[in-house]
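All residue numbers for the sequence shown refer to this note's numbering, where the first residue is 11 and numbers rise by one.
Just below is one structure, and these are the notes that go with it.
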Amino acid sequence: MAERPDEAEMHIPADGRMVLRTEGLVKKYGKRTVVNHVSINVKQGEIVGLLGPNGAGKTTSFYMTTGLIVPNEGHIYLNDLDITKYPVYKRAQNGIGYLAQEASVFRKMSVEDNIASVLEMTNKPKEYQREKLESLIAEFHLQKVRKNLGDQLSGGERRRTEIARCLAIDPKFIMLDEPFAGVDPIAVEDIQHIVWRLKYKNIGILITDHNVQETLSITDRAYLLFEGKILFQGTPEELAANQVVREKYLSQSFVLRRKDFQLRDAKEETTEES
11 MAERPDEAEM
21 HIPADGRMVL
31 RTEGLVKKYG
41 KRTVVNHVSI
51 NVKQGEIVGL
61 LGPNGAGKTT
71 SFYMTTGLIV
81 PNEGHIYLND
91 LDITKYPVYK
101 RAQNGIGYLA
111 QEASVFRKMS
121 VEDNIASVLE
131 MTNKPKEYQR
141 EKLESLIAEF
151 HLQKVRKNLG
161 DQLSGGERRR
171 TEIARCLAID
181 PKFIMLDEPF
191 AGVDPIAVED
201 IQHIVWRLKY
211 KNIGILITDH
221 NVQETLSITD
231 RAYLLFEGKI
241 LFQGTPEELA
251 ANQVVREKYL
261 SQSFVLRRKD
271 FQLRDAKEET
281 TEES
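Laid out in structure tokens, this is it:
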């Protein structure tokens, strides 16, 4: 496989897992500091949540990490490669995929053409593109809607198509912006399962979503922003047990409900074998 544009400049850690990290991000609008020295990191093979109430600076921090907003201070690194000034497309070339909250499928193109259009940009051999297309359609259970146009899809089908397109570039990391928005409750669990499986492809996931219960149920770690700063970071269990976090964000009645997709997958495999 050809190396990515700037891979030769990167130092790869001993364990082979790349790290996407921010250091001291600051964003100001006029005299107001929206994000105040925020540092986060995501490794390949883990799901990390970026949470906080409205106005906490989480969306701005997320957009700076994806390349949609340029910070006033601080840096973003892919391992030791400084990508702070890289636009979204150049970050994608270096293995950082981005899934926007808004619908990004081409409305008048079929599901398979939506995915194929991204594969064509990889400049891989045509046979590889065809095999990858079929693999993604099967993996995301899109066989029944592969000929459907983008504007004919349900919220869940659209999200699955968008994630499949993201995987067409073989990303090291995927930034998920409100992935559960506009998706019915049954499809939400389907999307959670897909995201959970991505980490076993050695993909690092940074996810921000207003639905804190659905996000914490699948994350390995999470950062909680409050008034532009990181108030707390840790596992979902640690967040749920912290009284300050409960008072300022989760509420005292919050109950963490983890999703056990390993058990679900094991049951499905047993059913298929029998």
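The C-beta atom is built at its ideal place from N, Cα and C for all residues, glycine as well.
Beta-carbon separation (whole angstroms), residue i vs residue j, contact threshold 8 Å
i	j	result
residue 66	residue 216	Actually they are not in contact, since the Cβ atoms of residue 66 and residue 216 sit about 16 Å apart, beyond 8 Å.
residue 156	residue 147	6 Å
residue 42	residue 77	With a Cβ gap of about 22 Å, residue 42 and residue 77 do not count as contacting.
Nearest to residue i (by Cα), restricted to the options the options
i	options	result
residue 226	269, 184 and 213	269
residue 38	83, 247, 63 and 51	83
residue 98	89, 91, 109 and 165	109
residue 31	49, 191, 45 and 221	49
residue 74	254, 64, 36 and 257	36
residue 232	42, 72 and 34	72
residue 187	129, 56, 51 and 69	69
residue 45	33, 52 and 53	33
residue 240	258, 120 and 170	258
residue 128	160, 174 and 159	174
residue 26	221, 214, 238 and 243	214
residue 112	222, 133 and 172	172
residue 191	202, 205, 207 and 219	219
Enclosing alpha helix (DSSP H) for residue i [first to last residue]
i	result
residue 289	Because the chain spans 11 through 284 in this model, residue 289 falls outside it and cannot be assessed.
residue 140	136-149
residue 232	Per DSSP, residue 232 belongs to no alpha helix (DSSP H); it is in the beta strand (DSSP E), 231-236.
residue 241	Here residue 241 belongs to no alpha helix (DSSP H); instead the beta strand (DSSP E) covers 239-244.
Where the beta strand (DSSP E) through residue i begins and ends
i	result
residue 35	29-39
residue 61	57-61
residue 225	Taken as a continuous stretch (DSSP letters only), residue 225 belongs to no beta strand (DSSP E), being part of the alpha helix (DSSP H) at 222-226.
residue 42	42-48
residue 52	51-53
ask   = Is it a yes or a no for the region 94-105 touching the region 177-193, going by three-plus beta-carbon pairs under 8 Å?
value = yes
query = Residue ranges of each alpha helix (DSSP H) run of no fewer than 4 residues wholly in the region 163-214, ordered along the chain?
reply = 165-177 and 195-208
ask   = Does the count of Cβ pairs from the region 156-169 and the region 197-205 closer than 8 Å reach three?
value = yes
query = In chain order, which continuous runs of the alpha helix (DSSP H) of length 4 or greater are located wholly inside the region 84-124?
reply = 98-103
ask   = Below 8 Å, can you find three or more Cβ-Cβ pairs linking the region 52-63 to the region 87-95?
value = no
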